[in-house]
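First comes the structure, then the notes that go with it.
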Amino acid sequence: MNWINKVTPPGLKTMMSKKDTPDDLWVKCPASGELIYRNDLEQSWYVTPAGAHLRISPRMRFRILFDDERWEPISLPQVPLDPLKFKDDKPYPARLKAAKAKILNRDIKETEDGGAPLLQEDCMVAAYGKIGGVPAVVLVQDFEFMGGSLGMAAGEAFITAAQLALARKSAFVVCTASGGARMQEGTLSLMQMPRTTLAINDLADAKLPYVVVLTDPTSGGVSASYAMLGDVHIAEPGAMIAFSGPRVIEQTIRESLPKGFQRSEFLREKGQVDIVVDRRKLKATVARVLGHLLPMSRRRDDRSTLQLTPPKTHAPKPPEPKVKPD
């Protein structure tokens, strides 16, 4: 036995014992290299002091956008799993299982103190609520789920959310984040590009607003379809918006690309993006846009029963125990 253990009082042993420190207590800013306390990042919606916009979860997107951070989760349809029996170094079902486990662990961590439910089986998550008083269906693409890749489940989710916006005569807002089409589903994933386009046409025929919030990254088949077909395109600062990455282009044309090429600010200068806005001002911007596109005179009262459930910041507290008077 170590001689220190013999002379150390029991209470001091407890104080000196090693405590577990969370692995994600500090986050490194990609722009400045500064280490930032995670709780401080949560207060600023994961925008660093240097202005870098870190990727966030669908739950946080809903909390940013919806009034009073309240929403009604939307159930999305199931699709056949592994229709092509695709296998590389891992079977496709195993990749899906691992992605779902990763998302579940994140959701458990985000709702430790309570929170509104999310219905997520793939990379798309949808909810209904109000943004600045305007009824809206919001569809969020989750990059943490297999890179937000567009497959059959994502395509069905987009069409279901668009149809709900049509049924409720509400706005449709999509937050994109994707590396492109899902290779494990081959041509079936590419078929989602025209299918989502037809759903957007239905919204246009009904004169309902379709607003796209472009986040980092938005690329591949997503940028070649519904991501660039909005009535208004809003982008977060520094977001990469492209069909293929800059390295692939440089290797193909054997030329250096302009500074900031394929970033949201560059695309705004070229007319592909309408607004570049800080995430902390995103809700006010989206609400102002929707207020112009769907004014009060064109809104229809939604008579369906709504259960806008409160998230973490509005979680009900357990009742305090009653104390009998002496």
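Counting in UniProt numbering, the sequence shown runs from 1 upward without gaps.
Glycine is no exception: its CB is placed at the ideal position from the N, C-alpha and C atoms.
Residue i versus the options, residue with shortest Cα-Cα distance
| i | options | result |
| --- | --- | --- |
| glycine 147 | Gln192, Asp216, Leu104 | Asp216 |
| proline 83 | Pro77, Pro93, Ile74, Leu294 | Pro93 |
| methionine 40 | Ser32, Ser264, Leu25 | One detail in the question is off: residue 40 reads as aspartate in this sequence, not methionine. Comparing Cα-Cα distances from aspartate 40 to each of Ser32, Ser264, Leu25, the minimum goes to Leu25. |
| leucine 257 | Glu110, Arg247, Val134 | Arg247 |
| proline 80 | Thr176, Glu185, Ala171, Arg55 | Glu185 |
| threonine 268 | Ile234, Asp278, Leu290 | Per the sequence presented here, residue 268 reads as arginine, with threonine not at that position. Minimum Cα distance to arginine 268 is reached at Ile234. |
| alanine 126 | Ser75, Tyr46, Ser170 | Ser75 |
| arginine 55 | Phe158, Pro91, Ala177 | Ala177 |
| aspartate 278 | Val286, Glu156, Arg106 | Val286 |
| isoleucine 103 | Asp122, Asp88, Asp89 | Asp122 |
| arginine 280 | Tyr37, Cys29, Val27, Glu42 | Glu42 |
| arginine 182 | Arg38, Gly155, Ser170 | Gly155 |
Own chain residues within Cβ distance below 8 Å of residue i, not counting five before or after
| i | result |
| --- | --- |
| leucine 166 | Asp202, Leu203, Ala206, Leu208 |
| proline 91 | Asp82 |
| threonine 197 | Ser225, Tyr226, Leu229 |
Residue i: first and last residue of the uninterrupted alpha helix (DSSP H) it sits in
| i | result |
| --- | --- |
| phenylalanine 167 | Correcting the residue type first, residue 167 is alanine in the shown sequence and not phenylalanine. 152-167 is the extent of the alpha helix (DSSP H) around alanine 167. |
| tyrosine 92 | 92-110 |
| threonine 285 | 282-293 |
| glutamine 262 | It is not in any alpha helix (DSSP H) - glutamine 262 carries neither H nor E in the DSSP assignment. |
| methionine 60 | 58-65 |
| isoleucine 249 | 246-253 |
Neighbourhood of residue i by C-beta, 6 Å cutoff - its chain only, sequence neighbours within 5 removed
| i | result |
| --- | --- |
| phenylalanine 66 | Gly129 |
| valine 173 | Ala136, Val138, Val211 |
| phenylalanine 158 | Thr196 |
| arginine 298 | none |
| leucine 293 | Pro209 |
Residues bridged to residue i [DSSP beta-bridge criterion]
| i | result |
| --- | --- |
| tyrosine 46 | Its beta-bridge partners do not exist; DSSP assigns none. |
| lysine 130 | Pro135 |
| lysine 28 | Leu35 |
| glutamine 141 | Met124 |
Minimum Cβ-Cβ distance from residue i to chain B less than 7 Å
| i | result |
| --- | --- |
| glutamate 156 | Note that chain B does not occur in the displayed structure, where there is just one protein chain. |
Same chain only: Cβ atoms within 7 Å of residue i, ignoring 5 sequence neighbours per side
| i | result |
| --- | --- |
| lysine 283 | Ile64, Leu65, Ile131 |
| serine 264 | Leu214, Ala235, Glu236, Pro237, Gly238, Ala239, Ile241, Val273, Val276 |
| glycine 230 | Tyr210, Val211, Val212 |
| glycine 291 | Gly132, Val134 |
| leucine 118 | Pro58, Arg59, Pro73, Asp107, Val125 |
Extent of the continuous beta strand (DSSP E) run through residue i
| i | result |
| --- | --- |
| aspartate 216 | 210-218 |
| isoleucine 200 | Segment 192-205 is the alpha helix (DSSP H) holding isoleucine 200; no beta strand (DSSP E) there. |
| isoleucine 74 | Taken as a continuous stretch (DSSP letters only), isoleucine 74 belongs to no beta strand (DSSP E), as it is neither H nor E. |
| phenylalanine 172 | 171-178 |
| isoleucine 234 | 232-235 |
### Task
Would you check if there are 3 or more beta carbon pairs closer than 8 Å linking the region 97-107 to the region 134-146?
yes
### Query
Looking at C-beta atoms only, is the number of pairs between the region 35-55 and the region 106-119 that lie closer than 8 Å three or more?
no
### Message
I'd like to know if the region 29-46 and the region 251-266 are in contact, where contact means that at least 3 CB-CB pairs between them fall below 8 Å.
### Response
no
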